[in-house]
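With my numbering, the residue at position 217 of the sequence shown is 613, and numbering never jumps.
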Amino acid sequence: MSDEDAVLLDVDKGVATITLNRPDERNALSHPVADGLRDALDEVDDSDARCVVLEGAGGAFSAGGDIEAMVEGIKGDLSVEERVRVVERAYNRTIQRLAEFPLPTVALIDGPAVGAGASLAIACDLQLASERASIGFSFRAVGLSVDSGTSYLLPRLVGENVAKELVFTGEILDAERAAELGLVNHVYPDDEFEERAAELVAEVASGPTVGLRHAKRLLGRGLEQSLSAALADEAAAQAAAFDTDDHVEGVEAFFEGRDPEFEGR
């Protein structure tokens with residue numbers, strides 16, 4: 397399989413589906429996968445997509461770091477600076493691009509999401525899991541600390557003490573336990589996973605795109621600023637949303653007693 401096929405992109409009915417396509421490697425975040433994911437997001441930016449879905453091929457979301465690259469790193473006696481560059485290329489830029497992507501993003505976890513793969517999943521806005529899904533921040537298994545934004549993303553979802561336990565033990569959580577801790581939004585039966593996940597994705601994609609873009613940005617910043625700053629940001633965002641066709645449609649639909657039909661502008 398060529399590097400060009402490491403990540404696939406399909407845009408249909410406002411939904412951009414990005415598929416990590418290295419099933420033989422359990423979609424590990426090798427350089428081709430990481431680079432391909434960023435390239436796919438760049439393409440989505442230039443499309444008419446209103447929502448992004450991230451999934452893995454072949455029964456795994458992502459097994460995390462590229463173990464073969466780790467072995468090569470050990471054999472190659474890389475300097476500290478070279479190791480930093482490896483992490484930055486494979487993980488840092490990719491996680492930041494995904495976490496800060498302006499459209500709503502949804503991770504479909506149908507199988508294991510481990511290490512950096514788990515961090516990739518929680519870098520999305522929503523996480524939907526099948527019953528066979530599993531998730532674990534098991535960097536300790538290969539004698540490492542954490543990367544891929546884990547120290548930033550994980551405590552915000554589950555709290556600092558739970559985050560520390562998950563990292564210190566490397567526990568692999570089943571889907572139900574992950575939902576209990578707040579790592580995933582919904583767990584669907586395996587035989588209903590595709591259908592029910594598609595229903596939620598379609599609902600997100602049919603929303604007022606400009607308003608949701610602003611809402612995503614505001615919610616992402618909310619924990620890191622004062623109430624007064626948040627209120628000011630909200631007022632500015634609403635002023636922008638007021639000036640959209642979707643706002644007009646939403647108000648008209650309300651008074652006409654029907655569901656709005658937003659067009660994303």
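From the three backbone atoms N, C-alpha and C, an ideal C-beta is built for every residue, glycine too.
- By the Cβ criterion, the stretch 591-601 is not in contact with the stretch 559-570, since fewer than three pairs of Cβ atoms, one from each stretch, lie closer than 8 Å.
- Pairing G432 with V403 gives a Cβ-Cβ distance under 8 Å.
- The stretch 511-521 and the stretch 533-545 touch, with no fewer than 3 CB-CB distances between them shorter than 8 Å.
- Positions of the beta strand (DSSP E) runs, each at least 3 residues long and wholly inside the stretch 421-469, are given as 447-452 in order along the chain.
- Non-local beta-carbon contacts of F658 in its own chain, meaning distances under 8 Å to residues more than five positions away in sequence, involve S602, G603, P604, T605, D642, E645 and G646 in chain order.
- Only residues of its own chain outside the window of five on either side were considered, and among them A633, A636 and A637 have a CB closer than 7 Å to the CB of H610, listed in chain order.
- Residue state for A529 is assigned as coil, using DSSP reduced to three classes.
- Distance from L425 to G454 at the Cβ level is roughly 15 Å; contact not present, criterion being Cβ atoms closer than 8 Å.
- Excluding residues up to 5 positions away in sequence, L524 lie with their Cβ nearer than 6 Å to the Cβ of H582 in the same chain.
- Taking 8 Å as the cut-off, the beta carbon of V429 is found no closer than this to the beta carbon of L437.
- Bounds of the beta strand (DSSP E) holding L504 are T501 to I505.
- Going by C-alpha positions, D655 is about 12 Å away from E599.
- Within the DSSP bridge table, the entry for P508 names S530 as partners.
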